[in-house]
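So the sequence shown is numbered by the working numbering: it starts at 353 and just counts up by one.
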Amino acid sequence: REVDYLSLYDLEPPYIVDRQAPPLAEWKRRSALAAAAPVAVGDVLSGVAGSPGVVTGTAKVLHHVDDDVELEPGDILIAPQTDPSWTPLFLAVSGVVVNVGGIGTHAVIVSRELGIPCAPAVADATQRIPNGATVTLNGHEGTVTIDALP
353 REVDYLSLYD
363 LEPPYIVDRQ
373 APPLAEWKRR
383 SALAAAAPVA
393 VGDVLSGVAG
403 SPGVVTGTAK
413 VLHHVDDDVE
423 LEPGDILIAP
433 QTDPSWTPLF
443 LAVSGVVVNV
453 GGIGTHAVIV
463 SRELGIPCAP
473 AVADATQRIP
483 NGATVTLNGH
493 EGTVTIDALP
């Protein structure tokens, strides 16, 4: 059972399912995504404009709300997507970047309420931005600029 669990845990479910989910064999593996397109200093990752503001800070990459990562003031939360269980984490950070979403998603709404910048739909942000990188988040434009790598 544990082998099956670990095998399924490594699968990234499709974000959009139209009528019928694709077979498991077609789902991307999280372990393969981790090797996707590394970033370099100066790279700009683009999403959509979310919550306004510009902030520079340390990227903290969380794949799950219960990941053991300590968030500090000035950090920028990088997450696949968020839901209400993530809300307490927003109080500790200066900005939020999510892989998927738009102007009406949880991450953007909560960020606007808290007055912190947010960039949704930054594709593969959790796989491309290394934990500990210094990044500049521009919520007006929906961009993340890599300033320094860990």
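Every residue gets a Cβ at the ideal spot worked out from N, C-alpha and C, and that includes glycine.
Beta-carbon proximity check, residue i vs residue j, cutoff 7 Å
i: ASP419; j: VAL445; result: no
i: ILE498; j: VAL417; result: no
i: VAL474; j: LEU397; result: yes
i: VAL421; j: THR439; result: no
i: HIS415; j: ASP435; result: no
i: GLY409; j: GLY494; result: no
i: ALA380; j: GLU354; result: What sits at residue 380 in the sequence shown is Lys, not Ala. No, Cβ-Cβ distance for LYS380 and GLU354 is not below 7 Å.
i: PHE442; j: LEU423; result: no
i: VAL369; j: LEU489; result: no
Residue i to residue j span [Cα, whole Å]
i: LEU360; j: VAL391; result: 28 Å
i: PRO482; j: VAL448; result: 15 Å
i: LYS412; j: PRO366; result: 24 Å
i: ASP362; j: ARG382; result: 5 Å
i: ASP356; j: GLU378; result: 17 Å
i: PRO375; j: LEU358; result: 18 Å
i: PRO432; j: GLY453; result: 9 Å
Chain-order list of residues whose beta-carbon lies under 6 Å from that of residue i (same chain, five-residue window excluded)
i: VAL460; result: GLY402, SER403, CYS470, PRO472
i: GLY405; result: PRO469, GLY491
i: SER437; result: VAL417
i: ARG464; result: SER403
One or two residues paired with residue i in a DSSP bridge
i: VAL445; result: VAL445 pairs with nothing; no bridge assigned.
i: THR486; result: THR410, ALA500
i: VAL450; result: ALA431
i: GLU364; result: LYS380
i: SER463; result: BP columns for SER463 are empty, so no partner.
Own chain partners of residue i with C-beta closer than 7 Å, once the 5 adjacent residues on each side are dropped
i: ALA500; result: VAL393, ALA485, THR486
Residues near residue i by beta carbon distance below 8 Å, same chain, minus five either side
i: PRO502; result: PRO482, ASN483, GLY484, ALA485
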